[in-house]
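Converting from the sequence shown to this note's numbering requires adding 32 to each position, the first position being numbered 1.
As structure tokens, the structure follows; a few thoughts come after it.
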Amino acid sequence: MNPHDAQLSLDDIHRMQDATREQIVRQSPTRSYVLLAALGLFVGLASVDLQNPWRTATLLLGFGLFLGVGIVHEHRALVQRKPTALEGLFWVGLSAGLMLLFGVFRIAAWAWLALPPQGLLSQGTLAAAATAVTYVATAPLSRRVFRAIVLRTSALA
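Shown next as structure tokens:
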């Protein structure tokens with residue numbers, strides 16, 4: 033193989049990698065996936081108000097649905113590749129942010145429910161609902177950030 037053919041092959045590889053990254057960005061989760069994941073997030077977080085064994089069962093069911101939606105989405109994707117470290121950091125950061133947000137909402141719900149009159153509402157359920165709604169509301173922003181990360185990886189390569 034001469035150097036010209038080798039360079040042409042490398043150019044083809046880079047072009048295919050760019051096409052793969054663009055397809056990954058285009059295949060972002062649809063609204064139905066986001067809503068199902070939010071339902072799983074709500075059920076998993078709201079389980080803190082239950083007693084065992086219901087807490088464990090609900091926690092597993094909720095977070096199983098949350099993770100299952102992501103797994104099904106990735107399995108049905110037209111293009112699959114190993115995520116970069118920055119993409120993995122994004123998903124870990126998003127999950128950690130949701131858990132932190134749940135804690136903040138739970139403290140706020142505890143303070144709000146301490147005021148009279150007290151109803152039948154629970155601080156964990158209120159915080160879980162607020163976190164799930166925030167997850168749905170910030171999904172477009174998450175898509176834009178993920179798109180920038182994937183395309184930035186393309187520019188660095």
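Positions of the beta carbon are idealized from the N, C-alpha and C atoms, including for glycine.
Nearest CA to the CA of L130: which residue from H105, F74, L118 and A89?
F74
Tell me, please, whether the CB atom of L93 is closer than 8 Å to any CB atom in chain D?
No chain D is present in this structure, which holds just one protein chain.
Mind checking whether A78 and A160 have CB atoms under 8 Å apart?
yes
Cα-Cα separation between Y167 and A70, rounded to whole angstroms:
Taking the straight line from one Cα to the other gives about 7 Å.
Cutoff 7 Å; reference Q155; Cβ partners in own chain excluding five residues on either side:
Within the same chain, and ignoring the five residues on either side of Q155 in sequence, the residues whose Cβ sits closer than 7 Å to its Cβ are R138, A141, W142 and L145.
What whole-angstrom Cβ distance do G72 and L91 have, given they're in contact under 8 Å?
Actually they are not in contact, since the Cβ atoms of G72 and L91 sit about 11 Å apart, beyond 8 Å.
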